[in-house]
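A.B. asks:
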Ligand SMILES: *[C@@H]1O[C@H](CO)[C@@H](O)[C@H](O)[C@H]1NC(C)=O
């Protein structure tokens, strides 16, 4: 019912532009007392973390479906204990959430890319990866493709994870609650370094992560409950992301990533779920 209304509302809204580049227009710095900065007239955003505080930003709009890209360059050098979180989230106790979190490491040791999906307030769907490049040397594009049938996590266009809509099998899928983009750079020594095994080296502070080329080709939710869909017109007509799924080339690449770079998959963690694996794990 809600979906039907949404589709109708969406297809009658005018297209709005979504040119990449102006972070000032789309993002608001929300905390960090000057530690987050918008530079170059909105071309670049930097978050910093020191011993006293981290910093963060959020998107001005809430979205209900879309393809959202961000280029991020992570904290270089000894980044152990730092976490750069970049995620979509709605609010409230039954919130939906789609997470990318980058766990820093000692110089020369690889970052962990942690992903999770919450539906109706329930998460516990972690999958973790190493990356096939050094994410601190250059900007790389991290994307969330969210349409009514899939949540696809992508790195430089390569799908790494596909959370499918399995509502027909009784598994909740995020589709009714608008979500905002949030990002923060914070310290999580205890969590991010195997129980505090490695200490954050504060002599290297401030730590910095950089962002550019935010692009939300997405439906913008408004307070009235309606939704405006950018940028090539209504979803279903020529917005590729609305019907997108992982095609055969993408499947090959996703398999390659999961075989060679995945370091944790909740669906393989039988010890953790002695009373039975989550239902989606037995549906490929
Ligand atoms: C840091 O690197 C070590 C060595 O490769 C690895 O075992 C560990 O999981 C990494 N830590 C994080 C937080 O990624």
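Residue numbers (mature numbering (1 follows the signal peptide of the UniProt record, and there is no 0)): -19 to -1, 1 to 265. Note that CB positions come from ideal geometry on N, CA and C, so glycine has one too. As the structure is a computational prediction, the values presented were derived from the model and not from experiment.
1) For the putative contact between residue 59 and residue 171, defined by C-beta atoms under 8 angstroms, what is the C-beta separation to the nearest angstrom?
2) Using a Cβ-Cβ cutoff of less than 6 angstroms, which residues in the same chain neighbour residue 137 once the five nearest sequence positions on both sides are dropped?
3) Whole angstroms is fine: what's the gap from residue 178's alpha carbon to residue 86's?
4) Report the three-state DSSP secondary structure of residue 150 (helix, strand or coil).
5) Applying the 10 Å Cβ sphere with the 16-neighbour rule, what's the burial state of residue 95?
6) Assign residue 42 to one of two classes, buried (16 or more other C-beta atoms within 10 Å of its C-beta) or exposed (fewer than that).
7) Following a CB-centred definition, is residue 93 positioned closer than 7 angstroms to any heavy atom of ligand 1?
8) Examine the Cβ distances between the segment 250 to 262 and the segment 57 to 74 and report whether three or more of them are shorter than 8 angstroms.
9) Report the rounded CA-to-CA distance for residue 67 versus residue 256, giving the unit in angstroms.
10) Taking the alpha-carbon of residue 241 as reference, which of 141, 47, 24 has the nearest alpha-carbon?
11) Taking 7 angstroms as the cut-off, is the C-beta of residue 84 nearer than that to any heavy atom in ligand 1?
12) Does at least one heavy atom of ligand 1 sit under 7 angstroms from the Cβ of residue 267?
13) Quick one: grab the DSSP three-state call for residue 106.
14) In chain order, which alpha helix (DSSP H) runs of at least 4 residues are fully inside the segment 28 to 102?
15) By the 10 Å Cβ neighbour count, where 16 or more other Cβ atoms means buried, how is residue 8 classified, buried or exposed?
C.D. replies: Concretely, from the data shown:
1) Position 78 of the chain shown, counted from the start, is the residue given in the question as residue 59. Position 190 of the chain shown, counted from the start, is the residue given in the question as residue 171. Not really, about 17 angstroms apart at Cβ, beyond 8 angstroms.
2) Residue mapping note: residue 137 aligns to position 156 of the chain shown, counting from 1. Listed in chain order, the non-local C-beta contacts of residue 137 below 6 angstroms within the same chain comprise 121, 122, local neighbours out to five positions each way being set aside.
3) Walking along the chain shown from the start, residue 178 turns up at place 197. Walking along the chain shown from the start, residue 86 turns up at place 105. For residue 178 and residue 86, the distance between alpha carbons rounds to 11 angstroms.
4) Working through the chain shown from its first residue, we reach residue 150 at position 169. Three-state DSSP puts residue 150 in a helix.
5) Within the chain shown, numbered from 1, the residue matching residue 95 stands at position 114. Looking at its Cβ environment, which holds 16 or more other Cβ atoms inside 10 Å, residue 95 is buried.
6) Your numbering for residue 42 matches position 61 in the chain shown. Its Cβ being crowded by 16 or more others within 10 Å, residue 42 is buried.
7) Residue numbering aside, residue 93 sits at position 112 when the chain shown is read from its first letter. Yes - ligand 1 has a heavy atom lying nearer than 7 angstroms to the Cβ of residue 93.
8) no
9) The residue labelled residue 67 in the question sits at position 86 within the chain shown. The residue labelled residue 256 in the question sits at position 275 within the chain shown. The C-alpha of residue 67 lies about 32 angstroms from the C-alpha of residue 256.
10) Here the question's residue 241 lines up with position 260 in the chain shown. Looking at the Cα atoms, 141 is the closest of the given residues.
11) By 1-based counting over the chain shown, the position of residue 84 is 103. Correct: residue 84 has its Cβ closer than 7 angstroms to ligand 1.
12) With the chain covering -19 to 265 only, the question about residue 267 has no answer from this structure.
13) Indexing the chain shown from 1 puts residue 106 at position 125. Here DSSP, grouped into helix, strand and coil, assigns residue 106 to coil.
14) Within the segment 28 to 102, complete alpha helix (DSSP H) segments of at least 4 residues are not found at all.
15) Walking along the chain shown from the start, residue 8 turns up at place 27. The residue is buried, with at least 16 neighbouring Cβ atoms inside 10 Å.
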